[in-house]
């Protein structure tokens, strides 16, 4: 994991929370995010989805 990546993710999650009005990890008003795997080049058959 590159240096600063975790901090960047946290900072950007906070920006989403503020702009959408939902909170990551909240049970009453959760911020839902989806992350997909993706390689720089296509590698068919490498990931079971």
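Residue numbers (this note's numbering): 8 to 56.
A virtual CB, placed ideally from N, CA and C, is assigned to each residue, including glycine.
Asked: Ordered along the chain, which non-local residues of its own chain (more than five positions away) have a Cβ less than 7 angstroms from that of residue 38?; Found: 23, 24, 27, 29, 30, 31
Asked: For residue 21 and residue 14, I'd like the C-alpha separation in whole angstroms.; Found: 11 angstroms
Asked: Expressed to the nearest angstrom, what Euclidean distance is found between the alpha-carbon atoms of residue 8 and residue 35?; Found: 32 angstroms
Asked: Residues in the same chain with beta-carbon distance under 8 angstroms from residue 40, minus the five sequence neighbours each way, listed in chain order, please.; Found: 20, 23, 31
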